[in-house]
Amino acid sequence: MKNQDNQHEERSLAEWLTFTAASFILTVIIGLVGFTWLNDKNQPPIVSIINKQRTRQINGQFYVPFEVINKGGDTAESVQIMAELEINGKVTETGEQQIDFLSGGETEEGAFVFNQDPNKGKLTIRVASYKLP
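Those letters in the sequence shown? Residues 103 to 235, per this note's numbering, in order.
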């Protein structure tokens, strides 16, 4: 009969190194998940517009590029963007676009197309609405 004390073998160096590495990786993952959970503020969408480039004219039409950024934490759906061109105190042209889905930190690009030169009036581009998923 074998003695039960002899059945417990010493761990090799390779086993100890593997155990230490796996424990370290698991601790880092748990720490990162905890850090993210504690610092996640569940901020609502913060959607803003940036005029990305200068207006360009092609075949008598004026293209006004823009960039939409969601600086918040939550996702915005059905983001509605409005453009209004006012010349000599009158709204001469309007435009509307919709972005289906804009997650936190995401950026989308687009352009409004006008028949009149936006540089000859006041152009307003704004986010009109969005909904939460």
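Just so you know, even glycine gets a beta-carbon here, dropped at the ideal spot from N, CA and C.
Kindly indicate which three-state DSSP category residue i falls into: helix, strand or coil?
i: M103; result: No answer about M103 holds up, because its pLDDT of 48 lies below 50 and its placement is not dependable.
i: N221; result: helix
i: G136; result: helix
i: T120; result: helix
i: S205; result: coil
Quick check: residue i and residue j, are their CB atoms within less than 8 Å of each other?
i: E211; j: K154; result: yes
i: S205; j: T226; result: no
i: V229; j: I189; result: no
i: D202; j: S231; result: no
Report the rounded CA-to-CA distance for residue i versus residue j, giving the unit in angstroms.
i: E186; j: I152; result: 15 Å
i: G223; j: F216; result: 12 Å
i: G197; j: Q159; result: 17 Å
i: V166; j: N221; result: 10 Å
i: D219; j: F168; result: 16 Å
i: M103; j: E111; result: Confidence at M103 is low in this model, with a pLDDT of 48, below 50, so its placement is unreliable and the value that follows should be read with caution. So the two alpha carbons sit approximately 17 Å from each other.
i: I127; j: F214; result: 49 Å
i: V135; j: L115; result: 30 Å
Cα-Cα, which of the options is closest to residue i?
i: Q200; options: K233, R113, A123, L119; result: K233
My understanding is that residue i touches residue j, with C-beta atoms under 8 Å, so please give their C-beta distance in whole angstroms.
i: E171; j: T138; result: Correcting the residue identity first, residue 171 is Ile in this sequence and not Glu. The Cβ separation is near 22 Å, so there is no contact.
i: Q236; j: G175; result: No answer is possible for residue 236: the residues shown for the chain start at 103 and end at 235.
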